[in-house]
Each structure stands twice: as structure tokens, then as C-alpha cells.
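What follows is a short report on a single structure.
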Amino acid sequence: MSLVIAIDGPSGSGKSSASKGVARRLGLRYLDTGAMYRAVTWWMLTQGVPVEDAEAVAARAGEPVLECGTDPDAPTIAVNGVDVSGPIRTREVTNAVSAVSAVPAVRERLVALQREIIGDGGIVVEGRDIGTVVAPDAPVKIFLTASEEARARRRARDLAHDPAATVELTQAEQARRDRLDSTRTTSPLTKAEDAVEIDSTSLSLPEVIEAVVRLAKESTAAG
Ligand code: DC
5 MSLVIAIDGP
15 SGSGKSSASK
25 GVARRLGLRY
35 LDTGAMYRAV
45 TWWMLTQGVP
55 VEDAEAVAAR
65 AGEPVLECGT
75 DPDAPTIAVN
85 GVDVSGPIRT
95 REVTNAVSAV
105 SAVPAVRERL
115 VALQREIIGD
125 GGIVVEGRDI
135 GTVVAPDAPV
145 KIFLTASEEA
155 RARRRARDLA
165 HDPAATVELT
175 QAEQARRDRL
185 DSTRTTSPLT
195 KAEDAVEIDS
205 TSLSLPEVIE
215 AVVRLAKEST
225 AAG
């Protein structure tokens with residue numbers, strides 16, 4: 005298998021920017037698994053499925069067909085042929101995604117698709133369970149963290165177009181999502197034993213990218 009770099013961590017830790025940056029630097033593909041859980045959540049909401057009802061979500065989990073583009077310069081995500089890259093970032097989807105992603109039938113389907121996309125490797129994959137469940141044999145595993153305040157600040161900046169998304173509200177919603185993602189029964193957010201933890205609170209994006217690229221080069225050199 006060629007190189008697989010797994011980057012896990014809580015929301016707002018800078019995973020997406022770092023993962024894309026590393027993929028560009030090393031000429032690898034890029035997969036955002038959070039976007040896949042968001043896409044299924046968006047589809048459930050548009051279908052009127054009550055997302056807090058795990059049985060109702062499980063019953064429809066086999067229906068949405070996802071297509072994910074893996075170019076780090078232009079990642080794409082579509083559900084049943086509809087481009088959803090914009091709609092999956094709304095607060096409505098963000099606040100519903102933890103419930104949908106806790107349903108085992110949803111995870112089984114998406115993990116299978118993720119492994120198919122990873123294929124022979126050559127990819128940076130970001131998520132919550134990549135190093136623990138999706139690609140436990142990945143030669144490079146990163147657990148990216150940052151203080152709660154730093155993460156909320158970054159998220160609020162991403163949501164600057166939404167006047168309701170103050171730093172305080174974003175921090176409260178994020179804390180709720182992290183709690184749900186870390187305490188769910190199936191594949192909770194947790195650091196793999198062999199992952200390297202990088203705290204990005206006081207690091208710049210180029211510094212985080214550099215740290216991951218160095219680990220990837222060390223791993224490749226070690227064979
Ligand atoms: O990375 P993100 O914030 O876009 O992820 C959205 C949600 O998807 C997150 O709250 C938990 C879920 N998720 C997951 O359960 N497993 C993954 N590998 C990636 C994301």
C-alpha cells in the first residue's frame with residue numbers, strides 16, 4: 005500500500021486546511037470524511053427523516069449515493085448527482101450531523117466507501133476514526149488538537165457569513181458536538197495509540213503542515 009496519512013481530531017482543530025496543505029505538498033489525494041457524514045445528514049434532512057430517531061435514520065441509510073472528488077485543490081461532494089458542497093456547511097446540518105453519524109448503519113456504509121476510495125493509498129484522509137477504524141494500518145497517524153477557544157474562533161471565522169454564529173454560540177455548539185462525537189458507542193472520536201498528537205493552538209498553518217510532512221517523510225524513509 006502506498007502512503008496513507010490519517011488526520012483525526014475534534015472540530016475546528018484545523019484538520020481540513022492542514023490535510024489539504026499536506027496533500028498538495030506531497031502530491032497526494034485528499035478525502036474529507038466529515039463531508040461524507042454531512043452529505044448523508046443533508047440528504048436525511050431534505051427527505052424529512054427525523055434525524056434524532058436512530059431507527060428511522062438506519063432504515064434509509066442505504067439510499068443516498070455519494071460521489072467524492074479527491075483533488076485537494078477542488079474537493080467535491082455530491083449526493084444522488086446533486087453538488088452539496090455548499091449546503092453541507094449550514095448550521096442546520098452541522099447541528100444534526102452528530103446524531104446521524106452515531107448510527108452504526110450509516111457508519112458501516114461510509115467506512116466501506118472510504119476504504120474503497122483509499123484503495124492503494126496515496127491519500128490524506130481526515131476525520132474522527134481514520135487512524136482507529138477506517139485505516140488502522142496507515143503508516144502516518146496524526147491526532148490534531150487545539151484549545152477549545154482557538155477552535156471556536158476558527159469555526160466562527162468560517163461562519164462569518166452567518167450573523168447568528170457568534171464565537172460564544174459556536175463554542176457552545178461545538179462543545180456539544182465534540183461531546184456527542186467522543187461519547188457515542190460506535191467509533192467515538194479518540195486518539196489511536198500510535199498516533200502523534202499535534203497541538204495547533206499556537207502553531208501557524210504552515211508550521212502544522214511542515215510537522216506532518218516531516219513525519220510522512222520519516223515514515224517513508226523508514227520504509
Ligand atoms: O469534520 P467535520 O466537522 O466536517 O465532521 C462533521 C461530523 O461528522 C462530526 O461532528 C462527526 C462526524 N464524523 C465522524 O463521525 N467520523 C468521521 N470520520 C468524520 C466525521
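Counting from 5, one number per residue, gives the positions in the sequence shown under my numbering. Glycine residues also receive a C-beta, built at the ideal position from the N, C-alpha and C atoms. On a predicted model such as this, the values are computed, not experimentally measured, just so you know.
Check: Which residue from Gln175, Gly13, Lys145 and Leu184 puts its Cα closest to that of Val217?
Finding: The count along the sequence shown starts at 1 and reaches residue 217 at position 213. For Val217, the nearest C-alpha among the options comes from Lys145.
Checklist line | Spatial distance of Thr194 from Ser23 (CA atoms) | finding: Taking the first residue of the sequence shown as position 1, residue 194 is located at position 190. Taking the first residue of the sequence shown as position 1, residue 23 is located at position 19. Taking the straight line joining both Cα atoms gives about 18 Å.
Check: For the ligand DC, is there a heavy atom less than 7 Å away from the beta-carbon of Val101?
Finding: Sequence index remark: in the sequence shown, residue 101 carries index 97 (1-based). Yes, the Cβ of Val101 comes within 7 Å of a heavy atom of the ligand DC.
Notebook entry, point to check: Whole-angstrom Cβ separation of Arg113 and Gly18, contact assumed at under 8 Å?
Noted result: Position 109 of the sequence shown holds residue 113. Position 14 of the sequence shown holds residue 18. The pair is not a contact, with the Cβ atoms about 28 Å apart (cut-off 8 Å).
Note to self: According to DSSP, Glu71 sits in a beta bridge with which residue or residues?
What the structure shows: Numbered from its first residue, the sequence shown carries residue 71 at position 67. Ala82.
Margin query: Tell me the rounded alpha-carbon separation between Glu56 and His165.
Written below: Here the question's residue 56 lines up with position 52 in the sequence shown. Here the question's residue 165 lines up with position 161 in the sequence shown. Their backbone Cα atoms lie some 27 Å apart in a straight line.
Next item on the list: Pick out the complete alpha helix (DSSP H) segments inside the region 99-181, 4 residues or longer, and give them in chain order.
Entry: 108-122 and 152-162
Next item on the list: Look at the Cβ atom of Gln118, then the Cβ atom of Leu35, and state whether they are nearer than 8 Å.
Entry: The sequence position of residue 118 within the sequence shown is 114, counting from 1. The sequence position of residue 35 within the sequence shown is 31, counting from 1. Yes. Within cutoff.
Note to self: Are the CB atoms of Val8 and Pro143 within a distance shorter than 8 Å?
What the structure shows: By one-based count along the sequence shown, residue 143 stands at place 139. By one-based count along the sequence shown, residue 8 stands at place 4. Yes, these two residues count as a Cβ contact at 8 Å.
Notebook entry, point to check: Any idea if Gln51 is buried or exposed, counting beta-carbon neighbours within 10 angstroms, 16 or more meaning buried?
Noted result: By one-based count along the sequence shown, residue 51 stands at place 47. Label assigned to Gln51: exposed.
Check: Per DSSP, what kind of secondary structure is Gly59 in: helix, strand or coil?
Finding: Along the sequence shown, read from residue 1 onward, the residue named residue 59 stands at position 55. Checking the sequence, you will find Glu at residue 59 rather than Gly. In the structure shown, Glu59 sits in a helix (DSSP, three-state: H, G or I).
Note to self: Considering Cα atoms alone, identify which of Ile127, Leu219, Arg188 and Ala176 is closest to Arg28.
What the structure shows: Stepping through the sequence shown from its first residue, residue 28 is reached at position 24. For Arg28, the nearest C-alpha among the options comes from Ile127.
Notebook entry, point to check: So which of Thr98, Asp198 and Val88 has the shortest CA-CA distance to Ala176?
Noted result: Here residue 176 refers to the residue found at position 172 of the sequence shown. Among Thr98, Asp198 and Val88, the Cα nearest to that of Ala176 belongs to Thr98.
Next item on the list: Between the Cα of Val53 and those of Ser223, Glu172 and Pro68, spot the shortest distance and give me the residue it belongs to.
Entry: Taking the sequence shown and counting its residues from 1, the one referred to as residue 53 is at position 49. The shortest Cα separation from Val53 among Ser223, Glu172 and Pro68 belongs to Pro68.
Next item on the list: On the DSSP bridge assignment, give the partners of Asp12 in chain order.
Entry: Sequence index remark: in the sequence shown, residue 12 carries index 8 (1-based). Asp12 is bridged to Gly131 and Phe147.
Next item on the list: Could you tell me if Asp3 is buried or exposed, where buried requires 16 or more neighbouring beta carbons within 10 angstroms of its beta carbon?
Entry: One cannot answer for residue 3 here, as it falls past the ends of the chain, which runs 5 to 227.
Margin query: Just to confirm the assignment, what range does the beta strand (DSSP E) spanning Val53 have?
Written below: In the sequence shown, residue 53 corresponds to position 49, counting from 1. Taken as a continuous stretch (DSSP letters only), Val53 belongs to no beta strand (DSSP E), as it is neither H nor E.
Check: Can you find at least 3 beta carbon pairs, one from the region 190-207 and one from the region 146-157, that sit closer than 8 Å?
Finding: yes
Note to self: Taking 7 Å as the cut-off, is the beta-carbon of Tyr41 closer than that to any non-hydrogen atom of the ligand DC?
What the structure shows: Position 37 of the sequence shown, counted from the start, is the residue given in the question as residue 41. Tyr41 Cβ: within cutoff of the ligand DC.
Check: According to DSSP, which residues form a beta bridge with Arg218?
Finding: By one-based count along the sequence shown, residue 218 stands at place 214. Answer is none; Arg218 lacks a bridge partner.
Next item on the list: Thinking Ala169 and Ala160 are a contact (beta carbons under 8 Å), I'd like their distance in whole angstroms, please.
Entry: Taking the sequence shown and counting its residues from 1, one reaches residue 169 at position 165. Taking the sequence shown and counting its residues from 1, one reaches residue 160 at position 156. Contact holds; Cβ gap of about 6 Å.
Next item on the list: Select from Trp46, Glu197, Ala215 and Glu153 the residue whose C-alpha is nearest the C-alpha of Gly90.
Entry: Stepping through the sequence shown from its first residue, residue 90 is reached at position 86. It is Trp46.
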